[in-house]
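Colleague: If you want the numbering used here, it's the 1-based position in the sequence shown plus 2.
Positions of the beta carbon are idealized from the N, C-alpha and C atoms, including for glycine.
If you scroll down you'll find the structure; I have some questions about it.
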Amino acid sequence: MNAPAHTVVLVDDHDLIRQGLARAFERHPDFCVVGEAASVAAGIDLVAQLAPAVVVTDVRLPDGTGLDLVRAVRKGNSSIGIVVLTMYAGDEQLFEALDAGASAFVAKDVPSDDVVAAARHAIVSPRSFTAASLADAMRRRMSPSGPQLSPRESEVLKLLAEGLGVAAIARQLFVSESTAKTHISKIYEKLGAANRAQAIMNAIRAGLLSDK
């Protein structure tokens, strides 16, 4: 006799992403998607109604963040697995997910099987946090020297602080827009930021930019 499948609730405001995740879980007979929601409030209600083994939630939702959902669910249930998905897996979001009580933190650009693997971990060890970049993030947090930018990244950071966009930065440095985007992405990663404003504030705190 087969063991009952692990039940899953998916929370994401994009239908296509929910459908893709549902298909990924359906390929594994030990999982069963029992509900889907598109907001924090609906997700919290659905988890309360269905008591799934694991909930998979996006960070960006129309009525708040997935971390609001994580905190609400974790407050009432210490044994449920919670996987947080994000478009940008910066250090700041990673540590926020850890502090909120998530079981796993996964970037949306990874293969869908990685999300399933994270869900398996979340079910077995709901209070043991895992993330592919956790070790590197911890090293960056503990490093007394702070984030280290290359000379080119320092140039790009200064231009970001001046308000220049990707196209303008590319023109200023005589590089392609793709190269400029790569530099910006690496800067965000090193500074643990999800956007320009966070990058600039974190750079000021780290002494990489003047706040004057």
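Taking Gly92 as the reference, give the member of Val108, Gly78, Val85, Ile82 with the closest Cα.
Modeller: Residue 92 sits at position 90 when you count from the first residue of the sequence shown. Nearest option by C-alpha distance: Val108.
Colleague: Whose C-beta lies closer than 6 Å to the C-beta of Gly68 among residues of the same chain, with five residues either side of it excluded?
Modeller: For this step, residue 68 is matched to residue 66 along the sequence shown. Here the set comprises Thr59, Asp60, Val61, Val86.
Colleague: Taking the alpha-carbon of Ser105 as reference, which of Val35, Ile125, Val112, Asp116 has the nearest alpha-carbon?
Modeller: Mapped onto the sequence shown, residue 105 falls at position 103. With distances taken between Cα atoms, Ser105 lies closest to Ile125.
Colleague: Taking the alpha carbon of Gly83 as the reference point, which residue from His123, Gln51, Ala169 has its own alpha carbon closest?
Modeller: Residue 83 sits at position 81 when you count from the first residue of the sequence shown. Gly83 has its Cα closest to that of His123, out of His123, Gln51, Ala169.
Colleague: Which class does Ile82 belong to by DSSP, given the choice of helix, strand or coil?
Modeller: Translated into the one-based positions of the sequence shown, residue 82 becomes position 80. Correct three-state label for Ile82: coil.
Colleague: Please confirm whether Val10 and Val72 have their CB atoms less than 8 Å apart.
Modeller: Residue 10 sits at position 8 when you count from the first residue of the sequence shown. Residue 72 sits at position 70 when you count from the first residue of the sequence shown. No; because the gap between Cβ atoms is not below 8 Å, this pair is not in contact.
Colleague: Residues in the same chain with beta-carbon distance under 8 Å from Pro153, minus the five sequence neighbours each way, listed in chain order, please.
Modeller: Working through the sequence shown from its first residue, we reach residue 153 at position 151. None.
Colleague: May I have the straight-line CA-CA distance separating Gln51 from Val36, to the nearest angstrom?
Modeller: Within the sequence shown, residue 51 is the residue found at index 49, counting from 1. Within the sequence shown, residue 36 is the residue found at index 34, counting from 1. Approximately 11 Å between the Cα atoms of the pair.
Colleague: Of all the alpha helix (DSSP H) runs that stay within the bounds of the stretch 124-175, which reach a length of 4 or more residues?
Modeller: Taking only runs of at least 4 residues, the alpha helix (DSSP H) segments lying wholly in the stretch 124-175 are 136-144, 153-163, 168-175.
Colleague: Compute the beta-carbon to beta-carbon distance between Ala221 and Glu94, rounded to the nearest angstrom, for a pair I have assumed lies under 8 Å.
Modeller: Any property of residue 221 remains undetermined from this structure, which presents the chain solely from 3 to 214.
Colleague: Can you list, in chain order, the residues of its chain with a C-beta nearer than 7 Å to that of His185? Leave out the 5 residues immediately preceding and following it.
Modeller: The residue you call residue 185 lines up with position 183 of the sequence shown. Correct list, in chain order: Arg154, Glu155, Val158.
Colleague: Does DSSP put His16 in a helix, in a strand, or in coil?
Modeller: Numbered from its first residue, the sequence shown carries residue 16 at position 14. Three-state result, His16: coil.
Colleague: Helix, strand or coil for Val61 per DSSP?
Modeller: On the sequence shown, position 59 is the one that residue 61 refers to. Of the three classes helix, strand and coil, the one that applies to Val61 here is coil, per DSSP.
Colleague: Identify the residues that DSSP records as bridge partners of His8: which are they?
Modeller: Numbered from 1 along the sequence shown, position 6 holds the residue referred to as residue 8. Phe33, per the DSSP bridge assignment.
Colleague: Can you give the Cα-Cα distance for Lys214 and Phe97, rounded to whole angstroms?
Modeller: As a position in the sequence shown, residue 214 is number 212, starting the count at 1. As a position in the sequence shown, residue 97 is number 95, starting the count at 1. Legend: pLDDT at Lys214 = 47, less than 50; position of this residue unreliable, no value from coordinates given.
Colleague: At which residue ranges does the stretch 92-124 contain complete alpha helix (DSSP H) runs of 4 or more residues, listed in the order of the chain?
Modeller: Listed in chain order, the complete alpha helix (DSSP H) runs (minimum 4 residues) inside the stretch 92-124 are 93-102.
Colleague: Given Asp70, which residues of its chain have a CB within under 7 Å of its CB, disregarding the five upstream and five downstream residues?
Modeller: For this step, residue 70 is matched to residue 68 along the sequence shown. Around Asp70: Val42.
Colleague: Here's the rule: buried if 16 or more other CB atoms are within 10 angstroms of the residue's CB, otherwise exposed. What is Gly167?
Modeller: Working through the sequence shown from its first residue, we reach residue 167 at position 165. Gly167 is exposed by the Cβ-count criterion.
Colleague: So, using beta-carbon positions, are Arg129 and Ser80 closer together than 8 Å?
Modeller: Counted from its first residue, the sequence shown places residue 129 at position 127. Counted from its first residue, the sequence shown places residue 80 at position 78. In this structure, Ser80 lies closer than 8 Å to Arg129 by Cβ.
Colleague: Output the distance between the C-alpha atoms of Lys192 and Cys34, rounded to the nearest integer angstrom.
Modeller: Counted from its first residue, the sequence shown places residue 192 at position 190. Counted from its first residue, the sequence shown places residue 34 at position 32. Their Cα atoms are separated by approximately 37 Å.
Colleague: So what does DSSP say about Gly66, is it helix, strand or coil?
Modeller: Counted from its first residue, the sequence shown places residue 66 at position 64. In the structure shown, Gly66 sits in a strand (DSSP, three-state: E or B).
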